[in-house]
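Asks: Handing you a structure now.
There are 2 protein chains.
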Amino acid sequence: MANITPEDAFLNDYDPAAFDRPSVAVDLVLLGIHAGRLSALLVERDQPPQAGRWALPGGFVGIEESLDAAAIRVLRDKAGLADAHLEQLYTFGAIDRDPRMRVVSVAYLALLTEDAVAPASTGARITPAAIDGDPLVATRADGEDLPLAFDHAAILTRARDRLRGKIDYSDIAFAFLPPAFTLRALQEVHEAVLGTRLNKPAFRRRMLDRVVGGRRLVATGMREADASHRPAELFRLA
Amino acid sequence: MANITPEDAFLNDYDPAAFDRPSVAVDLVLLGIHAGRLSALLVERDQPPQAGRWALPGGFVGIEESLDAAAIRVLRDKAGLADAHLEQLYTFGAIDRDPRMRVVSVAYLALLTEDAVAPASTGARITPAAIDGDPLVATRADGEDLPLAFDHAAILTRARDRLRGKIDYSDIAFAFLPPAFTLRALQEVHEAVLGTRLNKPAFRRRMLDRVVGGRRLVATGMREADASHRPAELFRLA
DNA sequence: AAAATAGTGTCTTTCAGACAGTATACA
DNA sequence: TGTATACTGTCTGAAAGACACTATTTT
Chain Y
1 MANITPEDAF
11 LNDYDPAAFD
21 RPSVAVDLVL
31 LGIHAGRLSA
41 LLVERDQPPQ
51 AGRWALPGGF
61 VGIEESLDAA
71 AIRVLRDKAG
81 LADAHLEQLY
91 TFGAIDRDPR
101 MRVVSVAYLA
111 LLTEDAVAPA
121 STGARITPAA
131 IDGDPLVATR
141 ADGEDLPLAF
151 DHAAILTRAR
161 DRLRGKIDYS
171 DIAFAFLPPA
181 FTLRALQEVH
191 EAVLGTRLNK
201 PAFRRRMLDR
211 VVGGRRLVAT
221 GMREADASHR
231 PAELFRLA
Chain V
239 MANITPEDAF
249 LNDYDPAAFD
259 RPSVAVDLVL
269 LGIHAGRLSA
279 LLVERDQPPQ
289 AGRWALPGGF
299 VGIEESLDAA
309 AIRVLRDKAG
319 LADAHLEQLY
329 TFGAIDRDPR
339 MRVVSVAYLA
349 LLTEDAVAPA
359 STGARITPAA
369 IDGDPLVATR
379 ADGEDLPLAF
389 DHAAILTRAR
399 DRLRGKIDYS
409 DIAFAFLPPA
419 FTLRALQEVH
429 EAVLGTRLNK
439 PAFRRRMLDR
449 VVGGRRLVAT
459 GMREADASHR
469 PAELFRLA
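Residue numbers (this note's numbering), protein chains in the order written: chain Y, 1 to 238; chain V, 239 to 476.
Set out below in structure tokens:
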């Protein structure tokens, strides 16, 4: 072990500028709860290859731009969103994932509130689609299953799995909600992400007892406005 | 497939071939349990920049090589290891993380058994170092704290956090162990990763009841060989 | 026999699921 | 007053922590 091999010497003198390099891109998985279902914002491709298929919004990373900065730029310029919870998801680097050229794509997870997902209406070039099933299927509000471009079904699957894995022990669920929210809304977020129904008293207890990152749920004393029956209390994270 | 034109690009008005691209590299976080502590294999840099500092083994990704293939190649050629549990960790893309050029580095986690970590002895160019504390410190077996190169302390920190987050609900602990192992060895892996002591009866119950990925612990009927007192039974995952 | 670790039985606490009940708002 | 939903009390069962005990092997 630890001998200096010819490969070591070669790599020490390796000049990457002399070789072709992959392009580096970011792709954004924009997720929100829409009509009670976990949904992604997808963009219809209008150019070949894969014209007519639906893709994640993305863009190439500039030579003087960090990965995070590129993700923020795509969020703003391609999705028209000023702000969202953004976290890096996974990097996809299969040789043939894009038929035009070698592209290594760093996927980001962006979590949106319901009012950020809804304006992208069905029929437009960017639309929310419920993601469900295994293998994953993206279904638009009109019931149409949208064909996905490139390896984007794999990216969406990994995004959903990440979300399911983290929701129980992190504060990501709150990224889907406005600053003040009802416990029912929080439960609906959990149910949409996990794809299961949850027990209400146990859920309430767990959420009210829980401390995540030094923060916990506190009652605001205010109540939801538009309920047709008894309005629930609004909580916030503090 | 269609002609490759600038219009084919993800962003209609952006031709990546016309711009400088970052280099893409992989860095390997080689982790194992050494002397009861979670330890990483580090390589001493013998060239500037940062000569004398300790780095993760890494290498550039070839234009016709997937990220996973590059990680396997580095594992073999730079670390001299034929096989290990390999999983992608995170991609580091700050603009100035390498002073020589723009490098986007995809970090991989590689988990090794004790006999793969141990041969790299203290004093050699590649050495195991216990990683502990917050901020993270890498300590060689002789007690020396090793200065880390570039952003590799941040990479190691993220590797440790990933491990701690996954050990309770995945089978990664077994990647540190040979095919047959005692329950005490398994508990020592958990304790080294989490940095805490665990309750023995509860740990045994949990492990023997647990089913992860359709597999569970089964007794082999064999016992450990070199114990100076009552030898423990060997288990395997099946 | 002594020493040391393997392995188990059991008590207690904690917490989630289930279910039924009370409270409060709107029609 | 009816109805729908918010919110809570309590029972039960599952699982973890703590601790003490028995079992088995080497020296």
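Even for Gly, the Cβ is constructed at its ideal location relative to N, Cα and C.
Everything numeric in this text was worked out from a predicted model, so none of it was measured.
Flag this pair as yes or no: are the beta carbons of Leu-31 (chain Y) and Ala-25 (chain Y) separated by less than 8 Å?
Replies: Cβ distance not < 8 Å, so Leu-31 (chain Y) and Ala-25 (chain Y) don't count as in contact.
Asks: Show which residues of chain V have a CB atom less than 7 Å away from the CB atom of Tyr-90 (chain Y).
Replies: Within 7 Å Cβ-Cβ: Gln-326.
Asks: For Ile-310 (chain V), is the classification buried or exposed, using 16 other Cβ atoms within 10 angstroms of its Cβ as the cut-off for buried?
Replies: It is buried - the Cβ of Ile-310 (chain V) has at least 16 other Cβ atoms within 10 Å.
Asks: Would you kindly work out how many angstroms separate the C-alpha atoms of Ala-84 (chain Y) and Ala-413 (chain V), rounded to a whole number?
Replies: Computed Cα separation, rounded: 37 Å.
Asks: So with Cβ pairs under 8 Å, would you call Leu-305 (chain V) a contact of chain Y?
Replies: Yes, Leu-305 (chain V) counts as interfacial toward chain Y.
Asks: Hey, how far is the Cα of Gly-36 (chain Y) from the Cα of Asn-199 (chain Y)?
Replies: So the two alpha carbons sit approximately 17 Å from each other.
Asks: Can you name, in chain order, every residue of its own chain whose Cβ lies under 8 Å from the Cβ of Leu-194 (chain Y), other than the five neighbours on each side?
Replies: Closer than 8 Å at the Cβ level, and outside the excluded window around Leu-194 (chain Y), lie Arg-164 and Ile-167.
Asks: Please report the distance separating the alpha-carbon of Ile-369 (chain V) from that of Asp-399 (chain V).
Replies: Each residue's Cα considered, the two are about 12 Å apart.
Asks: Sorted by chain position, which residues of the same chain lie with C-beta nearer than 6 Å to Pro-469 (chain V)'s C-beta, five sequence neighbours on each side aside?
Replies: The answer, listed in chain order, is Arg-461 and Glu-462.
Asks: Going along chain V in order, which residues have a C-beta closer than 7 Å to the C-beta of Val-94 (chain Y)?
Replies: Sequence inspection shows Ala at residue 94 (chain Y); the Val mentioned does not correspond to that position. The contacting residues are Ser-304.
Asks: Anything in chain V within Cβ reach of Arg-102 (chain Y), meaning under 7 Å, just list it in chain order.
Replies: Those are Ile-301, listed as they occur along chain V.
Asks: Below 8 Å CB to CB, which residues in the same chain sit around Thr-5 (chain Y) once its five sequence neighbours on both sides are set aside?
Replies: For Thr-5 (chain Y), the predicted structure reports a pLDDT of 43, less than 50, and the residue's modelled location is therefore unreliable. A value from the coordinates is still provided. Same-chain partners within the cutoff: there are none.
Asks: Please list, in chain order, the chain V residues whose beta carbon lies closer than 9 Å to that of Val-106 (chain Y).
Replies: Those are Thr-329, Gly-331, Val-342 and Val-344, listed as they occur along chain V.
Asks: Does DSSP classify Gly-221 (chain Y) as helix, strand or coil?
Replies: DSSP places Gly-221 (chain Y) in strand when its eight states are reduced to three.
Asks: Quick one: what's got a C-beta closer than 6 Å to Ala-70 (chain Y)'s C-beta in the same chain, skipping five residues either side?
Replies: Cβ within range, chain order: Val-26 and Val-61.
Asks: Using 8 Å as the threshold, is the C-beta distance between Leu-136 (chain Y) and Leu-156 (chain Y) below it?
Replies: A contact, by the Cβ cut-off of 8 Å.
Asks: Bridge partners of Arg-102 (chain Y), per DSSP?
Replies: DSSP, once it has assigned bridges, lists no residue as partnering Arg-102 (chain Y).
Asks: Checking the sheet assignment: what are the DSSP bridge partners for Leu-347 (chain V)?
Replies: The partner list for Leu-347 (chain V) (beta bridge, DSSP) reads V:Val-267 and V:Glu-325.
Asks: Please classify Thr-434 (chain V) as buried or exposed, where buried requires at least 16 neighbouring CB atoms within 10 angstroms.
Replies: By the 10 Å Cβ count, Thr-434 (chain V) comes out exposed.
Asks: According to DSSP, what are the bridge partners of Pro-128 (chain Y)?
Replies: Partner(s): Y:Leu-41.
Asks: Three Cβ pairs or more, each shorter than 8 Å: is that satisfied between the segment 284-293 of chain V and the segment 44-57 of chain Y?
Replies: No, because fewer than three Cβ pairs between the segment 284-293 of chain V and the segment 44-57 of chain Y fall closer than 8 Å, the two stretches do not touch.
Asks: May I have the straight-line CA-CA distance separating Ala-192 (chain Y) from Val-267 (chain V), to the nearest angstrom?
Replies: Cα-Cα distance, rounded: 35 Å.
Asks: Classify Ala-457 (chain V): buried if its beta carbon has 16 or more other beta carbons within 10 angstroms, exposed otherwise.
Replies: So Ala-457 (chain V) ends up on the exposed side.
Asks: Since Ser-303 (chain Y) sits in a beta bridge, which residues does DSSP pair it with?
Replies: The structure shown does not extend to residue 303 (chain Y), since chain Y spans only 1 to 238, so no value can be given for it.
Asks: Check whether the Cβ atoms of Arg-453 (chain V) and Ala-476 (chain V) sit closer than 8 Å, and answer yes or no.
Replies: Going by C-beta atoms, Arg-453 (chain V) is nearer than 8 Å to Ala-476 (chain V).
Asks: Return the bridge partner residues of Glu-471 (chain V) from the DSSP annotation.
Replies: DSSP, once it has assigned bridges, lists V:Arg-461 as partnering Glu-471 (chain V).
Asks: Specify the secondary structure class of Pro-244 (chain V) as computed by DSSP and reduced to three states.
Replies: Residue placement at Pro-244 (chain V) is poorly supported in this model, since its pLDDT is 34, which falls under 50; the coordinates still yield a value, given next. In the structure shown, Pro-244 (chain V) sits in a helix (DSSP, three-state: H, G or I).
Asks: Taking the DSSP output, what are the residues bridged to Thr-182 (chain Y)?
Replies: Y:Leu-234, per the DSSP bridge assignment.
Asks: What first and last residue would you give for the alpha helix (DSSP H) that runs through Val-312 (chain V)?
Replies: Val-312 (chain V) -> alpha helix (DSSP H) spans 305-315.
Asks: Tell me the DSSP secondary structure of Leu-386 (chain V) in three-state form.
Replies: Of the three classes helix, strand and coil, the one that applies to Leu-386 (chain V) here is strand, per DSSP.
Asks: Leaving out five residues before and five after Glu-87 (chain Y) in sequence, what residues of the same chain have Cβ atoms less than 6 Å from its Cβ?
Replies: Closer than 6 Å at the Cβ level, and outside the excluded window around Glu-87 (chain Y), lie Leu-109.
Asks: Could you tell me which residues DSSP pairs with Gly-433 (chain V) in its beta bridges?
Replies: In DSSP, Gly-433 (chain V) forms no bridge with anything.
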